[in-house]
Each structure stands twice: as C-alpha cells, then as structure tokens.
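Heads up: the sequence shown runs through residues 584 to 931, numbered per the numbering used here.
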Amino acid sequence: MAEHLLELHHLEQQFTVSGGKLRAVDDVTLHIDRGETVGLVGESGCGKSTLARTAMRLIDPTAGTILLDGHDITTMSQRELRPQRTRMQMVFQDPFGSLNPRRRIVTIVSDALEARGVPKADRRAEALAALKQVGLGQEHLDRYPHELSGGQRQRVGVARALATKPDLLVADEPVSALDVSVQAQLVNLLVDLQRELGLAQLFVAHDLSVVRQVASRVVVMYLGRIVETGPTTTLFATARHPYTRALLSAVPIADPTRRRRDRSAVFGELPSPIDPPTGCHFHPRCPRATEVCKTTQPPLWRYADGGAAACHHPHGVTAADIAGGARDDASPRASADLAPEPDQDAGA
Ligand SMILES: Nc1ncnc2c1ncn2[C@@H]1O[C@H](COP(=O)(O)OP(=O)(O)OP(=O)(O)O)[C@@H](O)[C@H]1O
Ligand code: SF4
Ligand SMILES: [Mg+2]
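Printed below as a string of structure tokens:
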C-alpha cells in the first residue's frame, strides 16, 4: 500500500484556445490520504474542475504525474485504466445533467455495479442497498431522474458513485446547484459517508463555508496554481495568503461577535488565464503587492504548522516562522530560494 492514496506531481493542463494557450492547471502538486477529505477552493474559472477531471484522467494531462495508490495512471490506456477507475468516482455539480433522463434509477446505479462485476441477478438488491446508504429507498428504484427532487437526484449521483466501492470520491461542487436547505442535508450525508466508509474525498467548492464543514485540509487555487494549503482549522484561523483572506472575508459568519476585522474583498475581475499577470498572478488585485510581486513568482513556503503559502508578504508571519519553515519543492518554476518577508504587524 502506497503512502498516499492519490498523488499529483507537477500536474499541468493546457488548452489550446483561439487567443493562445490557456494553462488551466499550472504545476500542481498535492496528495490525498486514505479517509481524508481535502477541500479545493477558489473563484470561478481558477481551474478546480479541470484539476479534478485531470486527476481522474477524464482528460489527459499535458504534463505531470498521477499516482493512484502508488500506480502511475498518467499514461495508462483506457483499458488498463478501467479497474483503477472504479476506485475513484466523481459526483458532478449538476445532478440533472449527470443522470441519463431516459434511464430508471435502478438502471443508472446498476450500470455502476456492472463495472464492479456484480452479477446481473444481484444488481437490483445491491442498487437498493446503495440507495439506502444515501437515504433513498425502494420507492425510488423504478423512477426516472425527472421524477425526483434536485436533492434526491444528487443522492442518486452519490449512490452511483458509491456503488463501485471507491476509495476516493471526487465531488465537484456537489451541492452548489441545490437549495440552501437541501445543501446542508447533502453535506451532512457526505460527511457521514466519509466517516462510515473511510472514504477519501476531493471536495471542490466555490467558497470556504461548506469546505470548513467537510474537509480536514484545504487547498486554495488561483489561476491554475496552488497559492495556499493547510489543515482546515489552521487555515481558517491564520490564513497567510492575501487571496485566501479575501475568500474568507466573503464567507458569511453567523455569530456577530466573531466578525472578522480584516474584511478585505477581492478587488476587480479574475485576469485572463491566457495571458496571466507576471510574477505573482494575484498582484494586480492584491493590496499588499510590491515590486517583487510583479516580477517574481513566489515559491510555496511551508511552515512548521503544516500550512504553506506562495506569497512574498504573507500575513501574520514572523522571522522565526519563516526560519522554521522551508521552501516546498512543489513549485519548482518559482524563482530561486527567495524566502518570504516577515509581517511587520506579526510581532517578534
Ligand atoms: N475544454 C476546455 N477548453 C478550453 N478551456 C477550458 C476547457 N475547460 C476549462 N477551460 C478553461 O479553463 C479555466 C478553468 O476552468 P474550470 O472549469 O476548471 O474552472 P473552475 O474553477 O472549475 O470554475 P467554476 O467554479 O466556475 O466551476 C477557465 O478559464 C476555463 O474557461
Ligand atoms: S506575492 Fe505579493 S501580490 Fe502575491 S499575494 Fe503575496 S503580497 Fe500579494
Ligand atoms: Mg468547476
């Protein structure tokens, strides 16, 4: 058994589009362990879905390596990939679009069971068991997708994914198309399933509030690159990257006594990924940017608490924090060993 369930090494996804090359995923290195939920966040268009789909080999990467339980699946043929595919399953954002409208629920789930080699005679019973796992039952088996509510359809999407008994669930914004009240139920279901089944999850979301409930670790993306990562509690308490701070300030906080002092917003539009800004991609929108940010890509600096940020002027970081950390080799294209600068407001 390999140390990590999924490993992405310097993954890159470049599309050729009419204005040139679009690097949707730019040198991403990350891993997911067994039973761990990793939250992937960032604005619309930053590359979350492309990263998720590339990691699943639904699209072939332009560069980099994907290891599933130690097996290099980067260049496996579709045939070689088939047994590995059942180990990682995807739940999509649109519960309607992702289910074939002309197939009954039992058939939709049974197709996934077939991929696992379950004999035909057993499929109806196993499909029912999968539906029960997600809070549906006998009465839903013979319905068509349009005869279910949005939340129920998404539950079918989860049941279908679970039917192959995967080790890893990649959920791409699984709740964002649902009503707020239904969102909470589905998030709870995913958390429960993760605990019961020991599933690993890559959970993609626009904002951090849902991720906070489900993920033990968070990865923040900006224009195809990882800009910050860390244990969820650490990241929420001490976000170092100005972009993460901006995302956090957009998260509604129910308790008024805990309102954040730093409610900096993200200024302006997301720049074009075809012609991204030089240096740190975030510099045109960053209130802390200096000259070095315009010219020099900051390396991902890993700190002693397990967090890492790619920023020349991170928040709340002392000289001792920097000395206690080290450059992470996940960002080799970033310029030489340029350590971040201590934050003057962070004390000694
Ligand atoms: N097949 C494709 N061909 C060309 N460009 C693409 C393709 N798929 C995605 N892109 C571009 O890649 C970038 C990242 O898109 P992606 O869908 O991964 O973003 P996202 O973070 O998932 O956004 P959202 O939150 O809106 O779902 C965007 O600029 C998008 O236009
Ligand atoms: S490197 Fe500079 S521009 Fe980029 S986030 Fe940090 S301070 Fe802002
Ligand atoms: Mg997306």
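For each residue, glycine too, the CB sits at the ideal point set by N, CA and C.
**Item:** Status (buried if at least 16 other CB within 10 Å, exposed otherwise) for K631
**Value:** buried
**Prompt:** With 16 other CB atoms within 10 Å as the buried threshold, where does Q721 fall?
**Reply:** exposed
**Which of helix, strand or coil DSSP assigns to F819** = helix
**Message:** In this structure, how does DSSP classify V741 when only helix, strand and coil are distinguished?
**Reply:** helix
**Message:** Considering Cα atoms alone, identify which of V741, A746, I857, P881 is closest to G700.
**Reply:** A746
**Prompt:** Is the closest heavy atom of ligand 2 to the C-beta of P881 under 6 Å?
**Reply:** yes
**Request:** Would you be able to state if there are at least three C-beta pairs under 8 Å between the stretch 700-717 and the stretch 747-762?
**Result:** no
**Item:** Host alpha helix (DSSP H) of K877 (start-end)
**Value:** 874-878
**Message:** So, for D920: in the same chain, excluding its five sequence neighbours on each side, which residues have a beta-carbon less than 8 Å away from its beta-carbon?
**Reply:** P882, R910
**Request:** Please state if the CB of A744 and the CB of R823 are separated by a distance shorter than 7 Å.
**Result:** no
**Asked** For T840, does the count of other Cβ atoms within 10 angstroms reach 16, so buried, or fall short, so exposed?
**Response** For T840, the predicted structure reports a pLDDT of 46, less than 50, and the residue's modelled location is therefore unreliable. The matter cannot be settled from this model.
**Item:** Residue from F679, A713, H896 with nearest C-alpha to L731
**Value:** F679
**Message:** Measuring straight from C-alpha to C-alpha, what distance separates T816 and A798?
**Reply:** 10 Å
**Request:** Tell me where the alpha helix (DSSP H) around V717 begins and ends.
**Result:** That residue, V717, is in no alpha helix (DSSP H); it is neither H nor E in DSSP.
**Item:** Heavy atoms of ligand 2 versus C-beta positions, residues under 5 Å
**Value:** P825, C863, F865, H866, C869, R871, A872, C876, P881, C894, H895, H896
**Request:** Evaluate V600 with the Cβ neighbour count: other Cβ atoms within 10 Å of its Cβ, from every protein chain shown; 16 or more gives buried, anything less gives exposed.
**Result:** exposed
**Endpoints, alpha helix (DSSP H) assigned at P825** = 825-832
**Message:** Can you check which of these residues, L651, I642, S627, is closest to A585 by C-alpha distance?
**Reply:** L651
**Prompt:** For D609 versus R808, is the C-beta spacing smaller than 7 Å?
**Reply:** yes
**Message:** According to DSSP, simplified to helix, strand and coil, what is T949?
**Reply:** The chain is shown from 584 up to 931; residue 949 falls before or after that span and cannot be answered.
**Request:** Mind checking who Q927 pairs with in its DSSP beta bridge?
**Result:** Beta-bridge pairing links Q927 to no other residue.
**Message:** Please tell me whether, using a cut-off of 6 Å, the distance from the CB of F598 to the nearest non-hydrogen atom of ligand 1 is below it.
**Reply:** yes
**Message:** Tell me the rounded alpha-carbon separation between A788 and M673.
**Reply:** 14 Å
**Request:** Specify the secondary structure class of A903 as computed by DSSP and reduced to three states.
**Result:** helix
**Request:** In the DSSP assignment, find the unbroken beta strand (DSSP E) run with Q796 in it and report its ends.
**Result:** That residue, Q796, is in no beta strand (DSSP E); its alpha helix (DSSP H) goes 791-797.
**Cα-Cα separation, R828 to L711** = 44 Å
**Asked** Is the beta carbon of A829 within less than 6 Å of some heavy atom of ligand 1?
**Response** no
**Request:** Could you check what DSSP says for E697 in three-state terms: helix, strand or coil?
**Result:** helix
**Prompt:** Count the other CB atoms within 10 Å of the CB of R842; is the residue buried (16 or more) or exposed (fewer)?
**Reply:** At R842, the pLDDT of 42 sits below 50, so the modelled position is not reliable and the matter cannot be decided from this model.
**Message:** Residues in the same chain with beta-carbon distance under 8 Å from P684, minus the five sequence neighbours each way, listed in chain order, please.
**Reply:** Y727, P728, H729
**Message:** Measuring only from the beta carbon, is S759 closer than 6 Å to any heavy atom that is part of ligand 1?
**Reply:** no
**Item:** Proximity to D616 [Cα-Cα], best of H723, L782, L664, A635
**Value:** L782
**Request:** Look up H864 in the DSSP assignment and say whether it is helix, strand or coil.
**Result:** coil
**Burial state of V802, where buried means 16 or more other Cβ atoms lie within 10 Å** = buried
**Message:** Using CA atoms only, rank isn't needed, just tell me which of Q676, A713, V875 is closest to V692.
**Reply:** A713
**Message:** So, for R885: in the same chain, excluding its five sequence neighbours on each side, which residues have a beta-carbon less than 7 Å away from its beta-carbon?
**Reply:** A891, G908, A909, D911
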